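Accompanying notes for the structure given below.
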Amino acid sequence: MSFVSQEICVMSAHASRWSLALLMLAAIVVCWGCKTTPVSNRRQLNVIPESQLVSMGLTSYQQILSNEQLSSNQRYIEMINRVGQRIADVVSQEYPSAADYKWEFNVIKSDQMNAFALPGGKVAFYEGIIPVCQSEAGIAVVMSHEIAHALLNHGGERMSQELVAQGVGKLVQFGARNQTAERQDMIMKAYGVGSKYGVLLPYSRKQESEADLVGLKLMAKAGYDPSEAPQFWERFGQIKGSGGPSEFLSTHPSDQRRATALREQLPDALQIYRLEARVRYGIGDPVTPGAAQSNTALPASASN
30 MSFVSQEICV MSAHASRWSL ALLMLAAIVV CWGCKTTPVS NRRQLNVIPE SQLVSMGLTS
90 YQQILSNEQL SSNQRYIEMI NRVGQRIADV VSQEYPSAAD YKWEFNVIKS DQMNAFALPG
150 GKVAFYEGII PVCQSEAGIA VVMSHEIAHA LLNHGGERMS QELVAQGVGK LVQFGARNQT
210 AERQDMIMKA YGVGSKYGVL LPYSRKQESE ADLVGLKLMA KAGYDPSEAP QFWERFGQIK
270 GSGGPSEFLS THPSDQRRAT ALREQLPDAL QIYRLEARVR YGIGDPVTPG AAQSNTALPA
330 SASN
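Each residue of the sequence shown is one higher than the one before, starting from 30 at the first, in this note's numbering.
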């Protein structure tokens, strides 16, 4: 056989292997990754089982808390837990898949303006973002939005996209037990945990819109005035405009279009707030003691 013929045979063999790999990848994606988001029914690539995401979320959460100093600010701790439990109660009612979540809410002692929610109900706020929230309703905006990202599997979707882009080999390796460190790095990046744990990956505008819509409904049904949502994002947009550092902004782009879109969704959210919330807390307690409070808690049966 001539040298040219040998080269052709080698190239053909390589091409066959690549074709087989591509066929395997396509089969995995088609058979394993066909899901839709619960809100927009958008087709979503998802090659990681939810049980695995929950397990990864717990491990990552424990690792983060072991490396951080927890806050001793009792007011912050009580507010985060109070708002968190109210939203968690709604999530358990609305999302059967989350009924068995083991919720945890912690405050990390840090000036970072960041917060995150990992699969399985693991939530953390950094002290630096809480003053920007100004009130329980502001905290509810951030928390319900982050929980919505987890419920909608946006982090899992981004992880799946990264795995598929790297090919069949990476998908197989990801399932191996000896890939724990790589798994943790990937989930931390995908869910916007601090930059010290890896490169932050911004959510897509489509994912942000979905999380905005679900988050708005969650906070409204939990009893917090959804009118606070566009106001919070406008405040955060001003921080961005002033050049203030924020890891939260790097994963959650904020601009006037976002606030406008939220205001367009307010009529439906306000109807949920008025008709479906068991208790209406308004904006709740202020973050800073003694600050003005525009609303007080009302039972759902109270007149509008």
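Cβ coordinates follow ideal geometry from the N, Cα and C atoms, glycine included.
The model shown is predicted, which means the values in this text are computed figures rather than measured ones.
Counting other Cβ atoms within 10 Å of its Cβ, T289 stays below 16 and is therefore classed as exposed. In the three-state scheme derived from DSSP, where H, G and I count as helix and E and B as strand, P255 is classed as coil. Contact between the segment 249–266 and the segment 73–87 is absent: fewer than three C-beta pairs spanning the two stretches fall below 8 Å.
Spanning the alpha carbons of K250 and T65 requires a straight line of approximately 24 Å. If you look at V161, you'll find it in the alpha helix (DSSP H) that goes I159 to C162.
Scanning Q103, C162, M172 and S164 for the CA closest to the CA of K138 turns up Q103.
Within the same chain, S100 and V136 come within 7 Å of I106 by CB-CB distance, once the 5 residues on both sides are set aside. N135: member of the beta strand (DSSP E) spanning E133 to I137, first to last residue. Per DSSP, L87 lies in no beta strand (DSSP E) segment; the continuous alpha helix (DSSP H) that holds it begins and ends at E79 to N96. When the alpha-carbon of R292 is set against those of P315, D314, G313 and S256, the nearest one is in S256. The segment 152–167 and the segment 180–192 do not touch, with fewer than three beta-carbon pairs separated by less than 8 Å. Contact check for L245 and Q294: beta-carbon distance about 6 Å, within the 8 Å limit, so the pair qualifies.
Distances from the alpha-carbon of D314 to those of G167, L74, F145 and A144 put G167 closest. Q122 is positioned such that its CB atom lies no closer than 9 Å to that of R264. Using a Cβ distance threshold of 9 Å, A169 and I93 do not count as a contacting pair.
Under the DSSP assignment, L74 falls in the beta strand (DSSP E) whose first and last residues are R72 to L74. E165 is positioned such that its CB atom lies closer than 9 Å to that of M108. Q285 is the residue among E79, Q285 and Y253 whose C-alpha sits nearest the C-alpha of I268. Judged by their CB atoms, M172 and A144 are nearer to each other than the 9 Å cut-off.
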